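Notes to accompany the following structure.
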Amino acid sequence: MISSPDIQRASPVSGESDPGRRVGDNGDCDKYELMKILFIAHAFPPLQHSGTIRSEAFAHYLPEFGVLPVILCGADAVATARGQRMGHLMSADWRDDVRWPEVRRVDWGRDGHTATSWTVRLIRRMPWGSTYVVRAKRRAVLERVLPIARAAILAERPAAIYATFPEVESVLIADQLGQEFRLPVVLDFRDQWSYQAGAPYRHYVDFILERALERQILRRAVRIVTTTQAVASLLASELKIAESSITVIPNGYDDRDFSGVCDFGDLDPGKFVVVYAGEMNGGLRTPSVKEALKRGLGFDYWPLSTDWSARSPAWFLQAARSLLRRRPELRDLLRLWLVGLSPDRHATEVAEFGYPECVRVFGRVPAPEAVRICAGANLLLLLQNQYFLRGQDCCVAIPGKLYTYLRTNRRILACVQRSEMAAIVADTHAGVVTPPKDVCQIEEALEAEIRRWQTGEAADAPRNRIEHWSRRRLTEELAVVIRSAVEAQRPSFQ
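Numbering (numbering that gives the first Met the number 0) for the sequence shown: 0 to 493.
Quick look at the structure:
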């Protein structure tokens, strides 16, 4: 288990000593001197996914705290989404915020790297070779974007640079500009970098090289933001990043998504409706002998051991099926709504469940509709991948839906490993936590929740910490981090 250093939590600005505070002014915006920042994010609206939503919320609320983002983002990210995943596009009536001084959408040229020659493919199969190819592609992106970024800095004269990860190029651009213009850099890690969980390295050597690059870049950053304590601890213990430079600002919920959502009542009156909102993974897969041999030689290296099947519907469906077989009278009562799934991808699990009248599968729906459905559920199902470092629990990612779930004030069944997620659900009395693959415990918890609903059992203690995860409040914390970075390193032209 990674140790948990005393990582900073940002606090709302208060008192005359805070940088940028105008003493005696009234209103949130009037408390601060206006400050521009260069806001770098390859994926930005109108592209929509969990990371983009975080970036958009920060950009939306920062002006309320005197921070005006000059946004540099990737036009090619939107083009790719249009061609491949239309469901990841926001509404067609998207408009950039008039409070933003400028939004520069640049073709980063990442899509031009999809086709490669046989020599490049051969090089990528070798230790060191994959790193060489990846860094060559990154240099091409920097050569394309840096001139435009420099022009934005000269035109707008920002006081700091903020970049959001996992796009490595965003971080590299911020680092390069920070050195050139002597500007403080704030890096927001909504996912981890070298200790990635998304795709394996070609070889262990490639991981070592990438980790060395990350350590070099992060040590030059003035402030680093992470979404979880686990990632903050990982940076401090594994990369030896100074704890004083790391701040945890979690994902949260956005009150704008709940506009008009007060109390819709039950989705299906008289039924006990369990809702899961978001994508799911497939079931358990056993590595082949070839895969096991390659990993034994250091190939296809995963720095974090990840169990993707923990976010599969299989375990909950097994538990629900067992409950319905044992108590057939619940077949007319229990309903499971799976929202945001690909029906084809999970057709087998749903078919094997055996009770089609109890299941409804929805494709992707707009965020307000997903919130409306969650707000009308009787029980919200929370699943997540399991992550391990050297065999110990190391859950580096908390799905954003947890905070939306909390905001609905509906009960939560969290089938997750030991983690911050489990602690949040327990500490807020929001529901019950079970191991993600313990079918017996999941069945018992589901039955207990149905009984609780049938008997009208009183709710637990009020969740008095929910407002802590409001994205507006979290953006205020980010504004504090940015101002502290500026205070720590004054730009040369101020």
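Every residue gets a Cβ at the ideal spot worked out from N, C-alpha and C, and that includes glycine.
Bear in mind that the values here come from a model prediction, so they are computed numbers and not experimental data.
- Residue ILE52 holds the alpha-carbon nearest to the alpha-carbon of ASP254 among ALA487, LEU380, ILE52 and LEU37.
- DSSP places LYS35 within a strand segment (E or B) once states are collapsed to three.
- Contact holds between the segment 29–49 and the segment 159–169, because three or more Cβ pairs, one in each stretch, are under 8 Å apart.
- The count of Cβ pairs closer than 8 Å, one atom from the segment 408–428 and one from the segment 461–477, reaches three, so the stretches are in contact.
- According to DSSP, SER469 shares a beta bridge with TYR252.
- DSSP, reduced to helix, strand and coil, places CYS439 within a helical segment of the structure shown.
- In the three-state DSSP reduction, THR454 falls in the helix class (H, G or I).
- Assigned with DSSP and collapsed to three states, CYS72 falls in strand.
- Taking a C-beta distance under 8 Å as the contact criterion, VAL431 and LEU412 qualify as a contact pair.
- Proximity to LEU379 across ASP265, ARG471, TRP307 and GLN47 peaks at ASP265, based on C-alpha coordinates.
- For ASP174, the uninterrupted alpha helix (DSSP H) segment begins and ends at 167–180.
- A straight-line Cα-Cα distance of about 19 Å links ARG326 and ASP437.
- Taking C-beta atoms as the reference points, GLN385 and GLN416 count as a pair closer than 8 Å.
- Distance from the CA atom of ILE216 to the CA atom of HIS59, rounded to whole angstroms, is 27 Å.
- Less than 8 Å separates the beta-carbon of ARG330 from that of CYS357.
- For the segment 338–422, the full-length beta strand (DSSP E) segments reaching 3 residues or more read 358–361, 378–382, 385–388 and 411–414 along the chain.
- The closest CA to that of ASP306, considering only ARG98, GLU348 and PRO435, is found on PRO435.
- Within 10 angstroms of the beta-carbon of ASN250 lie 16 or more other beta-carbons, which makes it buried.
- For GLU209, same chain residues with a beta-carbon under 8 Å away, outside a window of 5 residues either side, are THR130, TRP192, SER193 and TYR200 in chain order.
- Exclusion of the five residues before and after TRP93 leaves PRO44 and PRO45 as the residues of its chain whose Cβ lies within less than 7 Å of its Cβ.
- The Cβ atoms of LEU182 and ARG137 lie no closer than 8 Å to each other.
- The three-state reading of DSSP puts ALA241 in coil, since its state is none of H, G, I, E or B.
- Pairwise C-beta distances place the segment 360–369 out of contact with the segment 146–154, as fewer than three of them are shorter than 8 Å.
- When the five nearest sequence neighbours on each side are left out, the beta carbons in the same chain lying within less than 6 Å of the beta carbon of ALA220 are those of VAL184 and LEU186, in order along the chain.
- It is roughly 27 Å from the alpha-carbon of LEU61 to the alpha-carbon of LEU141.
- Pairing ARG320 with MET279 gives a Cβ-Cβ distance that is not under 8 Å.
- Note: GLU101 is bridge-paired with VAL69 in the DSSP secondary-structure output.
- TYR404 and LEU381 have their alpha carbons spaced roughly 9 Å apart.
- Per DSSP, GLY277 lies in no beta strand (DSSP E) segment and is marked neither H nor E.
- Cβ atoms of ARG103 and LEU71 come within 8 Å of each other, at about 5 Å.
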